[in-house]
Amino acid sequence: MAVGVAEVSSSSRSRTSPVASYYLLASATALLVLVGLAAMLSSSSIDSIREEGDPYSLFKAQLAYLVVGVVGLLVFSRISVSALRRAAPWFLAASIVLLFLVATTSLGHASGGNKNWISLGWLTAQPSEAAKLALALYLGVALSQLRPLLTTMKRAIMPAGLVAALVVGLVLAGKDIGTGVVMILLVAAAYWTAGLPIRFFALGMTTAGALVTFLVLSRDTLSSRVTAWLSPDCGVDACWQVTHGTWALASGGIWGLGPGLSREKWSYLPKAHNDFIFAILGEEFGLVGTIFVLVALAMIALAVNRIVQRHRDPFVQITAAAIGAWIVGQACLNIAVVLGLAPVTGVPLPLVSSGGSSMIMSLVGIGVLLAFARREPGAAEALAARPSLARRSLAIVSGRRRG
Numbered sequence: 179m180a181v182g183v184a185e186v187s188s189s190s191r192s193r194t195s196p197v198a199s200y201y202l203l204a205s206a207t208a209l210l211v212l213v214g215l216a217a218m219l220s221s222s223s224i225d226s227i228r229e230e231g232d233p234y235s236l237f238k239a240q241l242a243y244l245v246v247g248v249v250g251l252l253v254f255s256r257i258s259v260s261a262l263r264r265a266a267p268w269f270l271a272a273s274i275v276l277l278f279l280v281a282t283t284s285l286g287h288a289s290g291g292n293k294n295w296i297s298l299g300w301l302t303a304q305p306s307e308a309a310k311l312a313l314a315l316y317l318g319v320a321l322s323q324l325r326p327l328l329t330t331m332k333r334a335i336m337p338a339g340l341v342a343a344l345v346v347g348l349v350l351a352g353k354d355i356g357t358g359v360v361m362i363l364l365v366a367a368a369y370w371t372a373g374l375p376i377r378f379f380a381l382g383m384t385t386a387g388a389l390v391t392f393l394v395l396s397r398d399t400l401s402s403r404v405t406a407w408l409s410p411d412c413g414v415d416a417c418w419q420v421t422h423g424t425w426a427l428a429s430g431g432i433w434g435l436g437p438g439l440s441r442e443k444w445s446y447l448p449k450a451h452n453d454f455i456f457a458i459l460g461e462e463f464g465l466v467g468t469i470f471v472l473v474a475l476a477m478i479a480l481a482v483n484r485i486v487q488r489h490r491d492p493f494v495q496i497t498a499a500a501i502g503a504w505i506v507g508q509a510c511l512n513i514a515v516v517l518g519l520a521p522v523t524g525v526p527l528p529l530v531s532s533g534g535s536s537m538i539m540s541l542v543g544i545g546v547l548l549a550f551a552r553r554e555p556g557a558a559e560a561l562a563a564r565p566s567l568a569r570r571s572l573a574i575v576s577g578r579r580r581g
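Position in the sequence shown counted from 1, then plus 178, gives you my numbering.
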């Protein structure tokens, strides 16, 4: 009987471990990055040969972005909550300036019909990716202060709503509807966690949906994508990407064709290493590989939910929910496009798809979540009590030598 009680107590402690959020985030991030590198190495090889003559050129660039992103993750995971709160307005101001430069100056650069890049000499970046994190931090500051006053429309709009509308509007001005939708999800999660009354929440989401619909219908490229997606008999030409993405997933079966054996990567599937990397992953690693990605995303969602539930700081709760909606929501949108459940939007799969801005800022966003997880009740003490990997390794080695 005593043994049974001890087992139940141990199981209960493991489920309520103060460091569970931290390790869920770290494990899920490592899994997504490793799976992404494997799929990226294969899916980018053909384009790398065609463009640079080197099958590893795009993969090596992705490795460089990954190193920068990991450094950002480590730095931000150690920043205090108070420092993040103080830095939030400055991050937001810098992001708005960059978005203005993209929209109004010759520094803005269009790619794939979307004007969402900025060229600064040798550096080309996507400011909207940094704006996601900046907006999440700002909303955490603003809504945590206004939380008791969100019962009126004026307080819901001023100032957080206007700032969010400005940032999203600048992104939509560049015709980047996919990123705009992700930002709307981010804002919605922040307001939901802050406790915005459902009547205001429904009104805001209806307005945002109407705006996105108007922008889609006013642009021929996007409206044709939506029309093709809604058509029950969409031809191969009109639905080329989705059709070949479906073929890739279907040919992968349960176990996949094997690493490097994708057929669609041979220039049949556009954006194979970017927007449609999930299809290549399913083709080479099968249903098992795609399930790994879904499990990792579920782990991130679970960790974010734990942070929101266990923290008592409203800034942490709101910011964590916004970052979680950004990363998990964008991933779900990307996967929905590949599965044909949504029209093509052009958003990458976070931590998996190629692209420097997305990889770096997604890892920095995870770093902020790790900083929050480290400061859950009891987490700091639990992490401090556990010896580091280096200390454990040295202890093992020294024990073997004594033996």
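Ideal placement from N, C-alpha and C gives every residue a C-beta, glycine not left out. All figures in this text were calculated on a predicted structure; none of them were measured in a lab.
For residue i, the nearest candidate out of the options (CA to CA)
{"i": "A265", "options": "Y234, G318 and T207", "result": "G318"}
{"i": "N512", "options": "S222, G436, L374 and L475", "result": "L475"}
{"i": "L348", "options": "A388, L315, R333 and P305", "result": "P305"}
{"i": "V359", "options": "R333, M331, L393 and L381", "result": "L393"}
{"i": "L423", "options": "L459, L395 and S402", "result": "In the sequence as presented, Leu is not what sits at residue 423; that position holds Gly. Nearest of L459, L395 and S402 to G423, Cα basis: L459."}
{"i": "L472", "options": "H451, I335, G286 and C510", "result": "C510"}
{"i": "V420", "options": "S535, S289, R263 and A406", "result": "A406"}
{"i": "I224", "options": "G214, F237 and I505", "result": "F237"}
{"i": "S535", "options": "E229, A239 and I274", "result": "A239"}
{"i": "L363", "options": "V506, T523 and L285", "result": "V506"}
{"i": "W418", "options": "R325, V515 and R552", "result": "V515"}
{"i": "Q495", "options": "W295, E229, R263 and I538", "result": "R263"}
{"i": "E462", "options": "P448, A428, M477 and L480", "result": "A428"}
{"i": "G247", "options": "L561, I538, E559 and R552", "result": "I538"}
{"i": "M361", "options": "P337, A312 and R333", "result": "A312"}
{"i": "T194", "options": "V365, L480, D354 and A450", "result": "L480"}
{"i": "A450", "options": "P526, S401 and A334", "result": "P526"}
{"i": "F379", "options": "R490, A217, A334 and A271", "result": "A334"}
{"i": "P375", "options": "P326, R403 and T391", "result": "P326"}
{"i": "W268", "options": "L315, L277 and S235", "result": "L315"}
{"i": "W300", "options": "E307, S260 and L285", "result": "L285"}
{"i": "A551", "options": "G502, V522 and L519", "result": "G502"}
According to DSSP, residues forming a beta bridge with residue i
{"i": "W295", "result": "H287"}
{"i": "L301", "result": "L298"}
Which of helix, strand or coil DSSP assigns to residue i
{"i": "Y369", "result": "helix"}
{"i": "S199", "result": "helix"}
{"i": "S409", "result": "coil"}
{"i": "T329", "result": "coil"}
{"i": "S540", "result": "helix"}
{"i": "N452", "result": "coil"}
{"i": "A563", "result": "helix"}
{"i": "A520", "result": "coil"}
{"i": "D225", "result": "helix"}
{"i": "I432", "result": "coil"}
{"i": "I505", "result": "helix"}
{"i": "T391", "result": "helix"}
{"i": "P267", "result": "helix"}
{"i": "T194", "result": "coil"}
{"i": "L527", "result": "coil"}
{"i": "L447", "result": "coil"}
{"i": "K238", "result": "helix"}
{"i": "E585", "result": "For the chain, the structure presents residues 179 to 581; residue 585 sits outside this window and is missing."}
{"i": "H422", "result": "helix"}
{"i": "V492", "result": "Note on identity: in this sequence residue 492 is Pro, with Val being the wrong assignment. Residue state, collapsed to three classes: helix."}
{"i": "G438", "result": "coil"}
{"i": "K310", "result": "helix"}
{"i": "L374", "result": "coil"}
{"i": "C417", "result": "coil"}
{"i": "M218", "result": "helix"}
{"i": "R256", "result": "coil"}
{"i": "M361", "result": "helix"}
Residue-level contact to chain D via CB, residue i, 8 angstroms cutoff
{"i": "F254", "result": "Absent from the structure is chain D; it holds one protein chain and no more."}
8 angstroms contact criterion, which residue i and residue j should meet: CB distance rounded
{"i": "Y588", "j": "L408", "result": "The requested residue 588 is not part of the displayed model; the chain covers only 179 to 581."}
{"i": "Y200", "j": "A557", "result": "6 angstroms"}
{"i": "L529", "j": "A204", "result": "Not really, about 12 angstroms apart at Cβ, beyond 8 angstroms."}
{"i": "S220", "j": "G533", "result": "Between G533 and S220 the Cβ distance is about 17 angstroms, and since that is not below 8 angstroms, they are no contact."}
{"i": "A499", "j": "T371", "result": "4 angstroms"}
{"i": "S273", "j": "H287", "result": "Incorrect: roughly 17 angstroms between the Cβ atoms, too far for contact."}
{"i": "R484", "j": "P555", "result": "Actually they are not in contact, since the Cβ atoms of R484 and P555 sit about 11 angstroms apart, beyond 8 angstroms."}
{"i": "F254", "j": "V542", "result": "5 angstroms"}
{"i": "V280", "j": "K293", "result": "6 angstroms"}
{"i": "D491", "j": "V259", "result": "6 angstroms"}
{"i": "I355", "j": "V404", "result": "Going by Cβ atoms, the distance from I355 to V404 rounds to 10 angstroms, so no, they are not a contact pair."}
{"i": "I544", "j": "L251", "result": "6 angstroms"}
{"i": "A217", "j": "I455", "result": "5 angstroms"}
{"i": "T447", "j": "A457", "result": "First, the residue type needs correcting, since residue 447 is Leu and not Thr in the sequence shown. Indeed they touch by this definition, with Cβ atoms about 6 angstroms apart."}
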